[in-house]
Structure formats: C-alpha cells, structure tokens
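Engineer: The sequence shown begins at 3 in our numbering and counts up by one.
To start, I am sharing the structure in question, which I have written as structure tokens.
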Amino acid sequence: MTEQDFIPNTYAKEISSGKTSWKSPSNIALVKYWGKKEGQIPANPSISFTLDNCATTTNLNFSKLAKPIEDYSFDISLEGKVKEDFKPKIATFFKRIEKYLPFLKEYHFTIETSNSFPHSSGIASSASGMSALALCLMDIERQLNPLMSEGYFTQKASFLARLGSGSAARSIQGPIVQWGNHNDTEGSSDLIGIKYPYKVHEVFENYCDTILLVDKGQKQVSSTVGHDLMHNHPFANQRFDQAHENLTSLISIFASGDLNEFIKIVESEALTLHAMMMTSMPYFILMKPNTLEIINKIWAFREQSKTHVCFTLDAGANVHVLYPESEKSIIDQFIKNELVAYCENGQYICDQIGFGAKKA
Ligand code: PMV
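Set out below in structure tokens:
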C-alpha cells in the first residue's frame, strides 16, 4: 500500500449538495505512539483499545460553490457554538488531505460537532473528532463514487484521519487496532490503522476503562510539541525498539489471556511515555500529584485483592483504569471508595472496549 492508492480518479457522479453524519469513538493506546516523522508517519508502531462511550458525532452539510476557490470554505461549531478558533486546525487538515480528496475546494461545508464526554474534561477529542470528520468526508467521496468497496472506505478513512491526528487512525475500527509498520504483524502499515489480526482471548472481551478526570485544565505542552521533542531525544532509539518488542510480546499475551504479563506491558508503556516527556529538552511533566496517588492506590489494591486492575495514561494527568469485565463490581467499588476522591470535582467516565465508528 502506498499514498498513491488513495488518490482518486475522476468521480462517477456529480452532486450539488447533501449531508452525512458519523459517530466516532476515542481510543486508548496500550503501546504508545510518541514521536513522528514527516507526513504524520509514526516513529514506532502502536496499538489501542477502541472505546465505546467517549465519542464525537459530526454532521457535515455540503453544497457546491459556483466555482472552486483557492482557500477552503467551511464553518465549524461545537455543541451548537461557532468555533472560529478550530478553523486553523481544520484548514491545515484540509490542506494535508486535499490531494486525496480533490472535491474539497468545490464545496462549502458546515461542520457541526459534539462530544459525548464533558467539554474540557482533559480528554483528548482529536482522535474521535478527526476520525469523525474523515469518515464524513469519505462518505461524500462514496456518494460521488458509489461503487467504492467497504474495505477501501475504511482504509482511506483511517489514512485521512491519521493526517488530522496520528492516533485518530486507530479510531475507525475496533475493538483492538494497530497502527505502524511492525515486522511481526502481517498487514501492519505506517499509513493506516488495521484491526488487530491475531487471536484475542475472551478475557479481553468487554474490557473496561474507567477514566479518572484528575485535571480538566488545558495541557501545558501539546502532543504536537511532545512528538517533536523525540527528535534528538537521548533515549529515542531505545524507546522505538522497545515499542516493537512490546508489540511482539503482546501477540502471545492477547492469545493466552495472561493478564499479569498484559499489565506489565501496559503500565510500563504508560510510565515510559511520561519518562520520555521528563527526559526531553526542554523537559516537562504532565502527571499531577493525584495521578501518582491513584497509581499507588491501584498497586496496593491489586496486591491485596488479587484482581487484575491496572492503569494507563495518555499525554495528560488523567488516569485510565483498565480491568476485565469479570472483576467489574469489585473494581467499581474500589474506584468509588478510594479513587474518586482524587478526581477533579469527583468526575470520572465509565467506558469499555468498543467496535468502532458508525454512521449516525
Ligand atoms: O494523536 P496525537 O498526535 O494527539 O498523539 C497521541 C499520543 C498519545 O495519546 C500520547 C499516545 C497514543 O498512541 O495515543
């Protein structure tokens, strides 16, 4: 597969106006993507659980302009409020994907978007937001080219989403998605996320993720800056090699359902991600004191209860608490009794592994 495969020939139909709507979930990485090359190519492969409840719904209305324009013509709103400040990001996205969607300059777009999770909860909406928009745009392309196969639709949606936000490439499908070339994973690609192709033990079915909202404020360092700091990072190469090795180890862990080994990889990946931040130049810390309090509580509870609760982190202070569905009642109780106190305003979100984006 190459980029060339996603450049369309002429379209079969002409359409003057229409609309489409997609709901796309967020995802939580188990092996983290941190560092990238030119063209949104990941420095290392990653794998994630697709989430279910945390999602973005985007409605896209489009109408043909009298003549194509140089810039892009669009309006964008979030939860009914016009968002002028989102425009530069969308314009950059359109510029990156224009080669693959030549109709972009021919239409005016009205983008209405809303998130299922509370606004400014510190939950990154870029994966769900960019994948929902990519799906809406692919839907237009499919209306122009009705013979498009389902496989091409899904692959190109992931390809476009990646150009919006790397991790968005992993939000099109579920329940487990891998993105980035990995020698031991057949079909893996730097260009798109693929559905994890090997055996997955039933213990991972309905795997739960309770997201503890430790700090709902704006992050001090964006992930764009964080990715950039992996260039010339003293530990970058060892880190990239480790991600490959962890993905290889996960193949047998997913097959056998060995949760003790699963936990070691997942927690080590989370701490390594943050260790990369702390050892960048300039260095920074996104964890908060309560992030560490929660991690210590989880370790103590796991030891004492002999359950398989573990944590992961994304690029922020919030904690994702992961556990098998069979342990849900005891771990829910633990979260309420011991962890909610560390959340900002006691807020947390109950989620679980999901099956990918849907037409809304
Ligand atoms: O998709 P981005 O550029 O916001 O990067 C996301 C990076 C992490 O969330 C920290 C890890 C990952 O693989 O999702």
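Note that the Cβ used here is the ideal one computed from N, Cα and C, for glycine as well.
Of the residues Asp211, Phe303 and Gly348, which one's Cα is nearest the Cα of Phe336?
Structural biologist: The option with the nearest alpha carbon to Phe336 is Phe303.
Engineer: For the structure I just gave you, are there three or more beta carbon pairs, one from the region 193-207 and one from the region 251-260, closer than 8 Å?
Structural biologist: With a cut-off of 8 Å, the region 251-260 and the region 193-207 count as touching, because enough Cβ pairs lie within range.
Engineer: Just to confirm the assignment, what range does the alpha helix (DSSP H) spanning Thr262 have?
Structural biologist: One detail in the question is off: residue 262 reads as Asn in this sequence, not Thr. That run of the alpha helix (DSSP H) goes Leu261 to Met280.
Engineer: Nearest-angstrom Cα distance between Ser116 and Lys83?
Structural biologist: If I take the Cα positions, the gap works out to 10 Å.
Engineer: Using DSSP with H/G/I as helix, E/B as strand and the rest coil, what is Pro284?
Structural biologist: Note: Pro284 maps to coil in three-state DSSP.
Engineer: What number of angstroms, rounded off, separates the C-alpha of Ser270 from the C-alpha of Phe155?
Structural biologist: Taking the straight line from one Cα to the other gives about 35 Å.
Engineer: Got a sec, what are the start and stop residues for the alpha helix (DSSP H) Ala359 sits in?
Structural biologist: Unbroken run through Ala359: none, as it is neither H nor E.
Engineer: Please tell me whether Lys299 and Glu340 are closer than 8 Å, where the distance is taken between their beta carbons.
Structural biologist: Taking 8 Å as the Cβ cut-off, Lys299 and Glu340 qualify as a contacting pair.
Engineer: Please classify Asp73: does DSSP put it in a helix, a strand, or coil?
Structural biologist: The answer is coil: DSSP assigns Asp73 none of H, G, I, E or B.
Engineer: By the three-class DSSP mapping on this structure, what secondary structure does Glu108 have?
Structural biologist: Coil at Glu108, not helix or strand.
Engineer: If we call anything under 8 Å between Cβ atoms a contact, is Ser173 one with Asn29?
Structural biologist: A contact, by the Cβ cut-off of 8 Å.
Engineer: Taking the Cβ atom as the reference point for each residue, do Ser133 and Ala170 lie within a distance shorter than 8 Å?
Structural biologist: Yes; because the gap between Cβ atoms is below 8 Å, this pair is in contact.
Engineer: Rounded to a whole number of angstroms, what is the C-alpha to C-alpha distance between Ile194 and Glu5?
Structural biologist: Roughly 10 Å separates the two Cα atoms.
Engineer: Taking C-alpha atoms, which residue in Ser282, Phe96, Cys312 and Val223 lies nearest to Leu162?
Structural biologist: The residue with the shortest Cα to Cα distance from Leu162 is Phe96.
Engineer: Please determine if the region 72-87 and the region 97-114 are in contact, where contact requires at least 3 C-beta pairs separated by less than 8 Å.
Structural biologist: Yes: at least three Cβ pairs fall under 8 Å.
Engineer: With DSSP collapsed to three states, give me the class of His246.
Structural biologist: Helix.
Engineer: Which residues in the same chain have their Cβ closer than 7 Å to the Cβ of Gly189, if we skip the five residues on either side of it in sequence?
Structural biologist: If we look at Gly189 and ignore the five residues flanking it on each side, its Cβ neighbours are Ile196 and Pro199.
Engineer: Could you tell me whether the Cβ atoms of Leu103 and Trp24 are closer together than 8 Å?
Structural biologist: No, these two residues do not count as a Cβ contact at 8 Å.
Engineer: Under 6 Å Cβ to Cβ from Ala159, same chain only, skipping five residues before and after it: list those, please.
Structural biologist: Correct list, in chain order: Ala136, Leu137, Met140 and Ile174.
Engineer: With DSSP run on the structure shown, which of helix, strand or coil describes Lys290?
Structural biologist: If DSSP states are grouped into helix, strand and coil, Lys290 belongs with coil.
Engineer: So who's on the other strand from Val33, going by DSSP bridges?
Structural biologist: Answer is Ile49.
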